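First residue of the sequence shown? That's 967 in this note's numbering, and the numbers climb one at a time after it.
See below for the structure under consideration.
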Amino acid sequence: MKTKKIIALMLSLALVLGVVASCAGSTSESSSEDTTASTAASAAASVAESATDASAASTEAVTASDFTERTVATDVADEGDEVVIYGWNDEFPGLVNTYAPDVAHTEVITESNSYQAKLDQVLASGEDAPDMFVCDADYASKYMSSDNTIAVNDLGIAYSEFVNEMYKYTMVWATDDNNVIKGLAWQACPCGVYYERSLAEQYLGTQDPAEVADFFADWDTFMNTARDVNEKSDGKVKVVSDYSDVFRAYLNTRSEGWITDGQLTIDPVIEDYFDMAKALYDEDLTFQTGQWTDAWTGNAANKSTLTYWGPMWLSWSLNLRDEANPTFGDWGITSGPTSFYWGGTWMMASKYCDMKASVATIMRNIAIDKTNLQDMIDTNGEFVNNISLMTAVANDTTFGLDFLGGENPYGILLDTAINIDNSTVSKDDQAINDAFNTAVASYCSGDISSVADAEAQFQSAVEDLGLL
């Protein structure tokens, strides 16, 4: 995906209304020049204001003393012939090929649904085990809190190389029970609300990101917007494709995790999610597609769904960056009722690693090297795990992304990234989340008649997992 430099926006914000007339063509074709001018002006102002606030917040620097550092290895060497890398898709191997092309490596790609089973098998036996592997946020803690992975210090990587630049939550996520960092992430995953501009103009009366945000200012307003859009479109357009689209906005804003002192905890935020999901389902305010189905992804291309909620990587999953997508360039990004995050990928070395020097090179080149991280921003529109780079690009009024009609999304996302709190995350969250969503689905469909019964089903499922 190419990034797009919006040359007109290089002028000062004080002149932005005059400037926008010269760049109206970079926004959605369905918008008028006047609307485009208002939208671009608001976006530029919003980016600058948000980035300034986030930049100020970032001055509270994280230091190595926030974590437990082991003695940094000085005799790191390769004892094998090549790095064996495990992953569930070709994204990480592609980064290795791009940013560590001189490191000899081989890739083992296992379909995501069976990836953990494969990892568990080879890490238990040691046979065909990887030197390094990557994990998604849903289960990364499971491996970093185990003895199957080694500290980055054992690879010769000192905390001083990265700790002042990375978002704190990405490092906290990568610690073991002794607060030792065992993995590195090259991306951060703060979330926003993607919205289709032409649909927003038609059903909300605006495509300006600041004004669109008002329609999602809180959850009651969100529900009113869902009802209005459904009514105005005679059900042809929905505010979200499925009620689960807003799940992470609830899950990742809890004050308590799932299990406390061996007991299942239902945070009040989760109680609210039951009610929200049921209302969206019963009032037919979504298409009930379910996330990750073909229908769910397809609704991002057929002008039927006003918003999708998630981080920058979601735009690839939805093909929003594909120029063949009929809605390409018609998307914007704004804020929702709450700040939240979703996902991420961490690199870690296994206890069987005999290519420590090369694994360290890969980790440094992909997660620490600022030139490479800047390239990820410029060529892929990535939200990288580097505070100074992301603060700079958020303040860059010449930066924009084609699939967002030239909008710079980073001012909206930056403050969220700095303030992410993952204290509610545990190594068993993926299994617990799956059990919870099964209970929610049963409640919404009417198979379970009350929230209390749904919670009882959830409790029973978590007990069956042996987690209580």
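Built from N, CA and C at the ideal position, the CB exists for glycine as well.
Source: prediction; values computed, not measured.
C-beta atoms of residue 1074 and residue 1052 nearer than 7 Å: yes
Residue span of the alpha helix (DSSP H) that contains residue 1060, given as start and end: 1057-1065
Run of the beta strand (DSSP E) containing residue 1402, from where it starts to where it stops: Not the beta strand (DSSP E): residue 1402 falls in the alpha helix (DSSP H), residues 1395-1411.
Beta carbon of residue 1384 nearer than 7 Å to that of residue 1359: no
One or two residues paired with residue 1320 in a DSSP bridge: Per DSSP, none; premise fails for residue 1320.
Beta-carbon proximity of residue 1204 to residue 1255, cut-off 7 Å: no
Where residue 1315 sits in the DSSP three-state scheme: strand
Other residues of its chain near residue 1114: CB distance less than 7 Å, five sequence neighbours each side excluded: 1089, 1316 and 1317
Any 3 or more C-beta pairs closer than 8 Å across the region 1039-1056 and the region 1121-1128: yes
Residue 1243: first and last residue of the uninterrupted beta strand (DSSP E) it sits in: Residue 1243 -> not in any beta strand (DSSP E); alpha helix (DSSP H) instead, spanning 1234-1248.
Where residue 1227 falls: helix, strand or coil (DSSP): coil
Residue nearest to residue 1174 in terms of C-alpha spacing, selected from 1394, 1298 and 1101: 1298
Residue 1085, buried or exposed, once every other Cβ within 10 Å from all chains shown has been counted against 16: buried
Delimiting residues of the beta strand (DSSP E) encompassing residue 1149: 1149-1151
Secondary structure, alpha helix (DSSP H): runs of 4+ residues fully inside the region 1135-1189: 1163-1169 and 1175-1180
Secondary structure of residue 1020, DSSP reduced to three states: Summary for residue 1020: the model assigns pLDDT 46, below 50, so the residue's position carries little reliability; its value from the coordinates is reported in the next sentence. Three-state result, residue 1020: helix.
Rounded C-alpha distance that separates residue 1329 from residue 1207: 37 Å
Whether residue 1219 touches residue 1304 by CB criterion (7 Å): yes
Whole runs of the alpha helix (DSSP H) within the region 1332-1403, excluding any shorter than 4 residues: 1336-1346, 1353-1360 and 1376-1384
Three-state secondary structure (DSSP) of residue 1038: coil
Classification of residue 1431 by the beta-carbon crowding that lies within 10 angstroms, buried from 16 upward: exposed
Nearest to residue 1217 (by Cα), restricted to the options 1195, 1243 and 1200: 1243
Collapsed DSSP secondary structure at residue 1123 in the structure displayed: coil
Inter-residue spacing [alpha-carbon to alpha-carbon] between residue 1153 and residue 1429: 34 Å
C-beta contact flag for residue 1261 and residue 1293 at 7 Å: no
Per-residue DSSP class, three states only, for residue 1216: helix
Per-residue burial, residue 1434 [other beta carbons within 10 Å of its own, 16 or more giving buried]: exposed
Counterpart residues of residue 1256 in DSSP-defined beta bridges: Residue 1256 pairs with nothing; no bridge assigned.
For residue 1296, the nearest candidate out of 1162, 1281, 1227 and 1398 (CA to CA): 1162
Nearest-angstrom beta carbon gap, residue 1215 and residue 1302 [assumed within contact, 8 Å]: 6 Å
Separation of residue 1109 from residue 1257, as counted between CA atoms: 26 Å
Length of the line joining the Cα atoms of residue 1286 and residue 1273: 12 Å
Nonlocal neighbours in the same chain, by C-beta distance under 6 Å from residue 1118, ignoring five residues either side: 1147
Stretch pair the region 1189-1202 + the region 1371-1383: three plus CB contacts closer than 8 Å: no
For residue 1110, the three-state DSSP class (helix, strand or coil): helix
Paired residues, beta bridge with residue 1297 - DSSP: 1162
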